[in-house]
Amino acid sequence: MTDDDTSIAWPVEFCKIIEGQRYSNKKLSGKQRGEIILLAKFKPSINEQETIRGAKEILQLQNDPTGVGMKVDPNLAKVDARVIKSTDVKYAGKIMKPNNGQWNLKDVKFVESGERLEFWHVVIFEQSKWMPKGEVIDFIENLARKCESQGMSIARNRPEIQYLQYYNKGPNVVKQAYEDARDILRRPPQLIIFIIPGEKSPINTELYETIKRVMDTEIGCLSQCVSVDSRKNFRSPQYCANLAMKINLKLGGVNLFLPEDKLRLPSGEEVLFLGADVTHPKDKNGKSICAVVGSLDNQAGRFITKYQDQERSGKEEILEIDKLIKEILREYCDYQKRRSRVKNNEVITLPPCIIMYRDGVSESQFERVLRWELPKIREACRLFRQGYEPKIIFSVVGKRHHTRIFPVDPKNRMEADKNGNCLVGTIVDKKITHPTLNDFYLQSHFANQGTARPSHYTILHDDIKLTIDEFQGLSNTLCYNFQRSTSSVSIPAPTYYAHLTCARAKMYLTTHRGNIYLPNVHRNLKNYPMYFM
Numbered sequence: 001m002t003d004d005d006t007s008i009a010w011p012v013e014f015c016k017i018i019e020g021q022r023y024s025n026k027k028l029s030g031k032q033r034g035e036i037i038l039l040a041k042f043k044p045s046i047n048e049q050e051t052i053r054g055a056k057e058i059l060q061l062q063n064d065p066t067g068v069g070m071k072v073d074p075n076l077a078k079v080d081a082r083v084i085k086s087t088d089v090k091y092a093g094k095i096m097k098p099n100n101g102q103w104n105l106k107d108v109k110f111v112e113s114g115e116r117l118e119f120w121h122v123v124i125f126e127q128s129k130w131m132p133k134g135e136v137i138d139f140i141e142n143l144a145r146k147c148e149s150q151g152m153s154i155a156r157n158r159p160e161i162q163y164l165q166y167y168n169k170g171p172n173v174v175k176q177a178y179e180d181a182r183d184i185l186r187r188p189p190q191l192i193i194f195i196i197p198g199e200k201s202p203i204n205t206e207l208y209e210t211i212k213r214v215m216d217t218e219i220g221c222l223s224q225c226v227s228v229d230s231r232k233n234f235r236s237p238q239y240c241a242n243l244a245m246k247i248n249l250k251l252g253g254v255n256l257f258l259p260e261d262k263l264r265l266p267s268g269e270e271v272l273f274l275g276a277d278v279t280h281p282k283d284k285n286g287k288s289i290c291a292v293v294g295s296l297d298n299q300a301g302r303f304i305t306k307y308q309d310q311e312r313s314g315k316e317e318i319l320e321i322d323k324l325i326k327e328i329l330r331e332y333c334d335y336q337k338r339r340s341r342v343k344n345n346e347v348i349t350l351p352p353c354i355i356m357y358r359d360g361v362s363e364s365q366f367e368r369v370l371r372w373e374l375p376k377i378r379e380a381c382r383l384f385r386q387g388y389e390p391k392i393i394f395s396v397v398g399k400r401h402h403t404r405i406f407p408v409d410p411k412n413r414m415e416a417d418k419n420g421n422c423l424v425g426t427i428v429d430k431k432i433t434h435p436t437l438n439d440f441y442l443q444s445h446f447a448n449q450g451t452a453r454p455s456h457y458t459i460l461h462d463d464i465k466l467t468i469d470e471f472q473g474l475s476n477t478l479c480y481n482f483q484r485s486t487s488s489v490s491i492p493a494p495t496y497y498a499h500l501t502c503a504r505a506k507m508y509l510t511t512h513r514g515n516i517y518l519p520n521v522h523r524n525l526k527n528y529p530m531y532f533m
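Here it is as structure tokens:
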């Protein structure tokens, strides 16, 4: 008995921990989460074997005492699949042909450089012993050379380097960094590069989120965070190339284009591509974040993002999606006027077709989301311009499922990659799909580790009347259009951008007088639609 005689205590050496318990007392550290992810990343062949073994040992279907003579095949179902071709990727004066969804930036230039970078500043949130100034200078020079080699316009004057301490200073230290940069440059900086520790910890996560919240919503200045786990990163040309892609996008440039014929419909009509997502807070008293993004040009190279919060209700509907759509249409027209240099009173032609790739919707809420959001999109179009009634495809794309596809022969390079996954572009649209809905699975990306998870697409509404092959090809093409990558991604770029927007907006949430408040992006960033990249 314990001292107060109210409970029994056992010596720890006589206790055993029951296997399989879920650990949920507190959050794991970034290092712990990383180790768990690595442990969970089985090779496809091992994953397949474990799935079959688990079905035999856990489900015990062959030993079901209520069986009526029916036999269950313990092996995985075999389905027909096909592989669609990858999409060419256009850079300035050069066309890249991806190999299994991958290409590189060697000897290529971005299709459009952002504004010339002349006034920038570097801030290091650590002691000089951790990041000596000489190494920072080498890194900045390497980065500037890489930006130039990719076709960006950048002044070769070396930016000022500043060391600051973050601990217990909160947003004020970010504001101080901006004010110091403005004083040194004698004008507002175009971009501030923040070098922060790469180790995942609560304090480093707080630092990153504070930088983005203050720079995006309070100051209105572009920022690029550089997380450094090891100073070896600074010496890597690939690392600098990845940063150059992000910086060019933030400055208003476009890194790559897709062939226009791949983005036009068979009828020749142009399309406004939309992506949408909703994220929910872990806290019951928190707010959900909704984001909708829309393409600004015919090549779907630039996107505009809009977000808002709404009360958490367990629902996936974007309650005011009509408001966000109208804002996107307005930005689309403003952008087209700037690009075409037309007069203010001249009417911009709106795309006759809209294709929505909606994320974050479970199958049980398909009908509910469609019934709410599709009429709202139509209403937004009519209210924005009288008579504007575009044809609409409303589709859902998701990865929150447990379906995996494995090649029959993982050693056959006609059906499997070097890691044993199915080839990029593999589509399954029979046997394991829904009996009544128009859906399919598409593995559009190369998985460096573990087993690739295909994305699940479901077409809920189609005014355009594309064939399933045409929609599959278009969806696969958009997976090659993620502007900060040199590989195809697992979901279409519009959906990916909506997901990133939700994640960024979540950082903006603040509490004011007991109320949760989501500020808007600062007006200074209006001309930099890809600021969130």
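To convert, note that position 179 of the sequence shown is 179 in full-length UniProt numbering; the numbers rise steadily by one, no gaps. Glycine included, C-beta positions come from ideal geometry on N, C-alpha and C. Only a predicted model underlies this, so the values are computations on that prediction, with no experimental measurement involved.
Span of the alpha helix (DSSP H) holding residue i?
i: Met245; result: 237 to 250
i: Pro197; result: Careful: Pro197 lies outside any alpha helix (DSSP H), inside the beta strand (DSSP E) at 191 to 197.
i: His401; result: Taken as a continuous stretch (DSSP letters only), His401 belongs to no alpha helix (DSSP H), as it is neither H nor E.
i: Val173; result: 171 to 185
i: Phe384; result: 366 to 384
i: Ser227; result: Premise fails: Ser227 lies in the beta strand (DSSP E), 222 to 228, not in any alpha helix (DSSP H).
i: Asp417; result: Segment: none, Asp417 is in no alpha helix (DSSP H) and carries neither H nor E.
i: Gln336; result: 321 to 340
Residue i to residue j, Cα distance in whole Å?
i: Pro529; j: His434; result: 38 Å
i: Glu141; j: His401; result: 45 Å
i: Lys399; j: His512; result: 35 Å
i: Glu35; j: Arg22; result: 16 Å
i: Gln162; j: Val122; result: 6 Å
i: Cys15; j: Ser7; result: 16 Å
i: Val271; j: Arg116; result: 31 Å
i: Ile516; j: Ile289; result: 12 Å
i: Arg312; j: Lys284; result: 7 Å
i: Lys90; j: Met96; result: 6 Å
i: Glu269; j: Ser475; result: 16 Å
i: Gly425; j: Thr495; result: 18 Å
i: Trp130; j: Lys326; result: 49 Å
i: Leu518; j: Asp463; result: 35 Å
i: Glu148; j: Ser86; result: 29 Å
i: Ile124; j: Pro132; result: 10 Å
i: Asp469; j: Leu350; result: 26 Å
i: Gly514; j: Gly294; result: 34 Å
i: Lys493; j: Tyr335; result: Checking the displayed sequence, the identity of residue 493 turns out to be Ala instead of Lys. About 20 Å.
i: Val361; j: Val396; result: 7 Å
For the candidate residues the options, whose alpha-carbon lies nearest to that of residue i?
i: residue 535; options: Arg213, Pro519, Lys146, Thr205; result: With the chain running from 1 to 533 in the structure shown, residue 535 is simply not present.
i: Tyr497; options: Met356, Ile184, Glu317, Val173; result: Met356
i: Ala447; options: Ile377, Lys418, Gly473; result: Lys418
i: Ile321; options: Leu374, Ser295, Glu269; result: Leu374
i: Lys306; options: Gly286, Trp120, Leu500; result: Leu500
i: Asn157; options: Leu143, Gly151, Gly268; result: Leu143
i: Ile491; options: Arg504, Gln443, Asn524, Ile58; result: Gln443
i: Cys353; options: Leu466, Ser455, Glu327; result: Leu466
i: Thr240; options: Gln60, Val136, Arg453; result: Per the sequence presented here, residue 240 reads as Cys, with Thr not at that position. Per the Cα distances, Val136.
i: Ala81; options: Ser455, Val428, His456; result: Val428
i: Met533; options: Val408, Asp277, Leu251, Glu57; result: Leu251
i: residue 535; options: Val214, Ile304, Gly473; result: Since the first residue shown for the chain is 1 and the last is 533, residue 535 is missing from the structure and cannot be characterised.
i: Ile432; options: Arg404, Ile468, Leu207, Gln449; result: Arg404
i: Val83; options: Glu57, Arg413, Met152, Glu199; result: Arg413
i: Tyr332; options: Lys323, Gly198, Ile348; result: Ile348
According to DSSP, residue i sits in a beta bridge with which residue or residues?
i: Gly93; result: Gly93 pairs with nothing; no bridge assigned.
i: Val293; result: Gly275, Thr305
i: Met356; result: Leu274, Phe394
i: Asp462; result: Ile393
i: Arg82; result: Ile427
i: Asn75; result: DSSP output for Asn75 lists no bridge partner at all.
i: Ile154; result: Leu117
i: Tyr457; result: Val397, Phe440
i: Tyr517; result: Thr510
I need the boundaries of the beta strand (DSSP E) containing residue i, first residue and last residue.
i: His121; result: 120 to 124
i: His499; result: His499 -> not in any beta strand (DSSP E); alpha helix (DSSP H) instead, spanning 493 to 508.
i: Arg145; result: Here Arg145 belongs to no beta strand (DSSP E); instead the alpha helix (DSSP H) covers 133 to 149.
i: Glu160; result: 160 to 163
i: residue 540; result: This structure gives no information on residue 540, because the portion of the chain shown stretches from 1 to 533.
If you measure from the beta carbon of residue i to each beta carbon in chain C, is any gap under 8 Å?
i: Phe406; result: Note that chain C does not occur in the displayed structure, where there is just one protein chain.
Check whether the stretch 214 to 232 and the stretch 185 to 196 touch, using three or more Cβ-Cβ pairs below 8 Å as the test. Three or more beta-carbon pairs separated by less than 8 Å link the stretch 214 to 232 to the stretch 185 to 196, which places the two stretches in contact.
Is the stretch 481 to 491 in contact with the stretch 243 to 262, if contact means three or more CB pairs nearer than 8 Å? Remark: three or more beta-carbon pairs, one from each stretch, lie closer than 8 Å, so the stretch 481 to 491 and the stretch 243 to 262 are flagged as touching.
Could you check whether the stretch 424 to 440 touches the stretch 45 to 52, counting it as contact only if at least three pairs of C-beta atoms, one from each stretch, sit closer than 8 Å? No, the stretch 424 to 440 is not in contact with the stretch 45 to 52.
Contact between the stretch 404 to 423 and the stretch 383 to 393: three or more CB pairs below 8 Å? Contact between the stretch 404 to 423 and the stretch 383 to 393 is absent: fewer than three C-beta pairs spanning the two stretches fall below 8 Å.
Under 8 Å: do the stretch 258 to 268 and the stretch 290 to 305 share three or more Cβ pairs, one atom per stretch? Between the stretch 258 to 268 and the stretch 290 to 305, the count of Cβ pairs shorter than 8 Å is three or higher; the stretches touch.
Does the stretch 98 to 110 touch the stretch 163 to 174, meaning 3 or more C-beta pairs lie closer than 8 Å? Short answer: they don't touch.
Are three or more beta carbon pairs between the stretch 176 to 192 and the stretch 206 to 226 nearer than 8 Å? Yes, the stretch 176 to 192 touches the stretch 206 to 226.
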